[in-house]
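Residues 143 to 215 in my numbering are what the sequence shown spells out, letter by letter.
Glycine residues also receive a C-beta, built at the ideal position from the N, C-alpha and C atoms.
Remarks on the structure that follows.
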Amino acid sequence: MEPNIKAAIETIRPFLQRDGGDVEFVEYTADKIVKVKLQGACQGCPGAQATLKGVIEKILKEQYPEIAGVESV
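Take a look at the structure:
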């Protein structure tokens, strides 16, 4: 599953990078949570939670419904 998640994140990264941000895959847990690290302009941004849930989590769950959620570490 991790290679699939990493590939999906690679499709999301260019959108974040256009605004000076980035996202890094950290791990996929046994309870089906994807952990990521927001970087650059995304780190500490007031809209980071909206980006995490409304963009990253939405896209990953659409592609892989078994994912329970996405969390930032």
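So, at 6 angstroms on beta carbons, what are the nonlocal neighbours of residue i in its own chain, with the 5 sequence-adjacent residues on each side left out?
i      : result
Cys187 : none
Once you ignore the five residues that flank residue i on each side, which residues in its own chain have a CB closer than 7 angstroms to its CB?
i      : result
Leu251 : This structure leaves residue 251 out entirely; the chain is present only between 143 and 215.
Lys174 : Glu208, Ile209 and Ala210
Glu166 : Val178, Lys179 and Gln181
Under the assumption that residue i contacts residue j (Cβ atoms under 8 angstroms), give the Cβ distance between them as a whole number of angstroms.
i      : j      : result
Ile154 : Val197 : 7 angstroms
Gly162 : Ala183 : 4 angstroms
Can you tell me where the beta strand (DSSP E) with residue i in it begins and where it stops?
i      : result
Ile175 : Ile175 to Gly182
Glu166 : Gly163 to Tyr170
In terms of residues, what are the limits of the alpha helix (DSSP H) holding residue i?
i      : result
Glu213 : Unbroken run through Glu213 is the beta strand (DSSP E), Gly211 to Ser214; no alpha helix (DSSP H).
Ile147 : Glu144 to Arg160
Identify, in the order they occur along the chain, each residue of the same chain with its Cβ nearer than 8 angstroms to the Cβ of residue i, setting aside the five sequence neighbours on each side.
i      : result
Ala172 : none
Quick check on DSSP: helix, strand or coil for residue i?
i      : result
Glu208 : coil
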